[in-house]
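Engineer: Handing you this structure, nothing more for now.
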Amino acid sequence: MFFFTFHALSVMPLCCFAACDSFGGESDSGECNRLAAVRSSNFQMLRCMNCGEQPEHWQYVTVSESLEMPGSRGEANLIEKCKLCGRVNSLDIMKDSFQAYTIEDSEQFRPIVKFDCRGVEPTDFDPRGGWRAVGIESGTTFDDVDLSEKEWADYDEKASAATEITEVDVRFVLSKK
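See below:
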């Protein structure tokens, strides 16, 4: 299993966000103060752990689509046969593992979701569009935030201030749980 961790160097001013999808929701205080993926899907680069083959195209994975595992009773969000070695590999997004990434997490990596990977290893993530950010002070919602350039900026009219997310970085960490 892999943790997907998210990192942003600067989240200004006080734009609290999380890298999670529609399974997120409100914080314990009732404030919706996160960046959420509007669509419950993502794009990843994957490597076959059997032969090391890594296709040069992004793999589309969505939590809303489950496929039956061949020769098994299980399901996964992505099932793919390696073109080099022929092994059938799978990736399943752990639906209850989404966690918030907040202003307090700025400048550090934090796990935001877990993947159950069987035979594949995620190597990169493309954040593309479809995120939603909400300003902490103003509650202003910014829809369809595009993080494909690893940064985003806008103007919060309610707070009369510029807001930005910069130097977005991601990594995958192997987890034994």
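Letter by letter, the sequence shown follows residues -18 to -1, 1 to 159 in mature numbering (1 follows the signal peptide of the UniProt record, and there is no 0).
Cβ coordinates follow ideal geometry from the N, Cα and C atoms, glycine included.
(1) With DSSP run on the structure shown, which of helix, strand or coil describes Gly7?
(2) Using 10 angstroms around the beta-carbon of Tyr83, count the other beta-carbons present and answer buried if the total reaches 16, otherwise exposed.
(3) Helix, strand or coil for residue 160, going by three-state DSSP, please let me know.
(4) Assuming Val95 contacts Met76 under a Cβ cut-off of 8 angstroms, what Cβ separation, rounded to an integer in Å, is found between them?
(5) Among all the DSSP beta bridges, which residues are the ones paired with Ser130?
(6) With a threshold of 16 other CB atoms inside 10 Å of the CB of Thr123, please say whether the residue is buried or exposed.
(7) Pull up the distance between the alpha-carbon of Thr145 and that of Arg100, whole angstroms please.
(8) Excluding sequence positions up to five away, which residues of its chain have a Cβ less than 8 angstroms from the Cβ of Trp40?
(9) Can you round the beta-carbon distance between Ala58 and Leu66 to whole angstroms, since I take them to be within the 8 angstroms contact cut?
(10) How far does the beta strand (DSSP E) with Ser117 in it extend, from its first residue to its last?
(11) Are the CB atoms of Phe91 and Leu73 nearer to each other than 8 angstroms?
(12) The beta strand (DSSP E) with Ile75 in it runs from where to where?
(13) Distance, Cα to Cα, Glu86 vs Ala115?
(14) Measure the C-alpha to C-alpha separation of residue 221 and Gly111 and round it to an integer number of angstroms.
(15) What distance in whole Å lies between the Cβ atoms of Ala141 and Ser120, which are believed to be in contact at a cut-off of 8 angstroms?
(16) CB-CB under 8 angstroms to Gln36, same chain, minus the five flanking residues each way: which ones, in chain order?
(17) Using the three-state DSSP reduction, which class does Glu57 fall into: helix, strand or coil?
Structural biologist: On the basis of the supplied data:
(1) With a pLDDT of 33 at Gly7, under the threshold of 50, the modelled position of this residue cannot be trusted; read the value that follows with caution. Coil, per DSSP.
(2) buried
(3) Coverage of the chain is limited to positions -18 through 159, which leaves residue 160 absent and any answer about it impossible.
(4) 7 angstroms
(5) None, per the DSSP bridge assignment.
(6) exposed
(7) 40 angstroms
(8) Phe25, Gln26, Met27 and Asp108
(9) In fact, because the Cβ distance is near 20 angstroms, the residues do not count as touching under 8 angstroms.
(10) Here residue 117 is Gly; the residue named in the question, Ser, does not match the sequence. Segment Trp113 to Gly117, the beta strand (DSSP E) holding Gly117.
(11) Cβ atoms of Phe91 and Leu73: not closer than 8 angstroms.
(12) Val70 to Ile75
(13) 15 angstroms
(14) Shown here, the chain extends from -18 to 159; a query on residue 221 therefore has no answer.
(15) Between Ala141 and Ser120 the Cβ distance is about 4 angstroms, and since that is below 8 angstroms, they are a contact.
(16) So the qualifying residues of the chain are Met27, Leu28, Arg29, Cys30 and Thr105.
(17) Glu57 carries a strand assignment under DSSP once its states are collapsed to helix, strand and coil.
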